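J.: Below is the structure I would like to discuss, written out as structure tokens.
Numbering (this note's numbering), first residue to last: 521 to 655.
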């Protein structure tokens with residue numbers, strides 16, 4: 521029976537930029553995306569009412585113009601997760617992996633620390649948001 525063997529469930533979910541509207545179905549549904557509806561889809565499939573997002577990164581495209589804009593984008597993802605009462609916590613995976621990706625690719629633009637070890641604006645913004653909503 522679905523859901524009877526779970527003490528808890530963790531998912532990896534990285535939203536796409538910009539965050540799709542709440543009505544966007546979860547991929548691979550027609551017109552779907554990696555969106556907030558995926559949380560409900562996983563909960564329904566596993567017959568659970570809470571999840572831990574054990575890995576996320578916000579894949580900010582290379583054409584996002586400034587680090588301040590990237591900071592707003594990254595914190596928007598966390599704010600969306602924090603607003604969902606069934607999300608028990610979120611781990612951000614792509615903290616300092618900028619050097620692993622070519623310049624201008626998605627993942628390098630979601631980093632929180634640059635290749636020289638300097639905190640980017642997203643680091644401080646995300647730290648404040650996490651402290652306010654998850655601690």
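Each residue gets a CB set at the ideal place from its N, CA and C atoms; glycine is no exception.
In this text the structure is predicted, and so the values were computed from the model without any measurement.
Residues in the same chain with beta-carbon distance under 8 Å from residue 551, minus the five sequence neighbours each way, listed in chain order, please.
T.: If you number the chain shown from 1, residue 551 lands on position 31. Around residue 551: 544 and 545.
J.: Between which two residues does the beta strand (DSSP E) containing residue 576 stretch?
T.: Here residue 576 corresponds to residue number 56 of the chain shown, with the count starting at 1. Looking at the DSSP string, the run of the beta strand (DSSP E) that includes residue 576 is 571-576.
J.: Quick one: is residue 569 buried, meaning 16 or more other Cβ sit within 10 Å of its Cβ, or exposed?
T.: Position 49 of the chain shown, counting from 1, holds the residue named residue 569. Looking at its Cβ environment, which holds fewer than 16 other Cβ atoms inside 10 Å, residue 569 is exposed.
J.: Tell me the rounded alpha-carbon separation between residue 650 and residue 598.
T.: Position 130 of the chain shown holds residue 650. Position 78 of the chain shown holds residue 598. Computed Cα separation, rounded: 8 Å.
J.: Anyone know if the C-beta pair for residue 640 and residue 587 falls short of 7 Å?
T.: Stepping through the chain shown from its first residue, residue 640 is reached at position 120. Stepping through the chain shown from its first residue, residue 587 is reached at position 67. Yes. Within cutoff.
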